[in-house]
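Numbered per our numbering, the sequence shown spans residues 15 to 240.
All residues carry an ideal CB built from backbone N, CA and C; glycine is no exception.
Values in this document were obtained by computation on a predicted structure and should not be read as measured data.
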Amino acid sequence: MPGIPVTPEITPSAVLFDLDGTLIDTAPDFIRCLNQLRRDNGLEALPAAHIRRSVSNGARAMIQVGFGLEPEHPGYLEKHSAFLDLYEAGVAVETTLFPGMNDILLELEARRIPWGIVTNKPVRFAKPLVAALGLEQRCATLICPDHVEQRKPHPEALYLACTQIGVRPEDAIYIGDHLRDIEAGKNAGMKTIAVRYGYIEEPEAVDLWQADLIADTVSDLAKLLQ
15 MPGIPVTPEI TPSAVLFDLD GTLIDTAPDF IRCLNQLRRD NGLEALPAAH
65 IRRSVSNGAR AMIQVGFGLE PEHPGYLEKH SAFLDLYEAG VAVETTLFPG
115 MNDILLELEA RRIPWGIVTN KPVRFAKPLV AALGLEQRCA TLICPDHVEQ
165 RKPHPEALYL ACTQIGVRPE DAIYIGDHLR DIEAGKNAGM KTIAVRYGYI
215 EEPEAVDLWQ ADLIADTVSD LAKLLQ
């Protein structure tokens with residue numbers, strides 16, 4: 015689905031971003047931690063590209079990719095806990111905003127359009143990460159699973175974000191790199207933008223998500239939000 019510019023008639027009252035793979039590139043730290051855990055267990059490091067595409071699915075996916083373990087496996091919890099400890103100790107060692115993303119945020123701020131973050135990342139990781147990147151005082155809201163009863167794709171987190179910012183969901187845009195993000199936005203009655211530059215396992219599948227708009231690059235996203 016080709017992207018089209020957001021016209022003045024549908025200029026958003028607020029813009030909400032998913033975190034990992036949409037606003038910031040957390041993959042380097044996920045890759046670093048998983049390969050450290052593999053080395054700690056006498057295994058060789060995996061290629062970064064092999065790990066990167068699963069980052070949006072969190073720690074559970076990391077343990078599946080790194081060790082082939084499902085949650086019901088007796089050794090899963092130990093590996094999962096060890097991975098989270100490594101990650102918590104260094105959430106922003108190599109993580110950065112995607113190149114060009116800060117320009118988008120500056121443009122939104124210059125236009126006085128509030129922006130926020132709605133993520134499935136637990137607050138114990140998301141809050142220090144956002145702070146380390148200097149975004150804590152800039153974003154109008156940070157909503158994590160800890161703040162709601164139901165995770166995305168349920169719209170509860172997006173409703174809460176809009177309430178905190180003071181806008182109607184139908185006047186806001188939600189941007190994400192996973193099907194659950196687009197489903198959550200649509201469930202909340204928001205405009206949605208799917209970004210293909212994130213951690214997409216099947217890039218061609220994005221066309222089937224029924225997002226209102228698609229951005230292949232951060233530059234494309236900037237044009238859509240002009």
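query, result
"For the structure I just gave you, are there three or more beta carbon pairs, one from the region 110-123 and one from the region 132-140, closer than 8 Å?", "no"
"Can you tell me the Cα-Cα spacing of residue 159 and residue 90, whole angstroms?", "22 Å"
"Express the C-alpha separation of residue 192 and residue 232 in angstroms, rounding to a whole number.", "16 Å"
"On the criterion of 16 or more Cβ atoms from any shown chain inside 10 Å, does residue 95 qualify as buried, or is it exposed?", "exposed"
"Should residue 130 and residue 30 be called a contact, given that it needs their Cβ atoms to be closer than 7 Å?", "yes"
"Where does the unbroken alpha helix (DSSP H) through residue 237 begin, and where does it stop?", "232-238"
"If you draw a straight line from the C-alpha of residue 40 to the C-alpha of residue 58, how long is it?", "21 Å"
"Among 75, 55 and 93, whose alpha-carbon lies nearest the alpha-carbon of residue 64?", "75"
"Just how far apart, CA to CA, sit residue 218 and residue 196?", "15 Å"
"Just curious, the beta strand (DSSP E) that residue 190 is in, first and last residue?", "186-190"
"Whole angstroms are fine: how far does the CA of residue 208 sit from the CA of residue 171?", "18 Å"
"May I ask you to report which of helix, strand or coil DSSP gives residue 100?", "helix"
"Grab me the residues of residue 85's own chain with a C-beta within less than 7 Å of its C-beta, minus the 5 sequence neighbours each way, in chain order.", "74"
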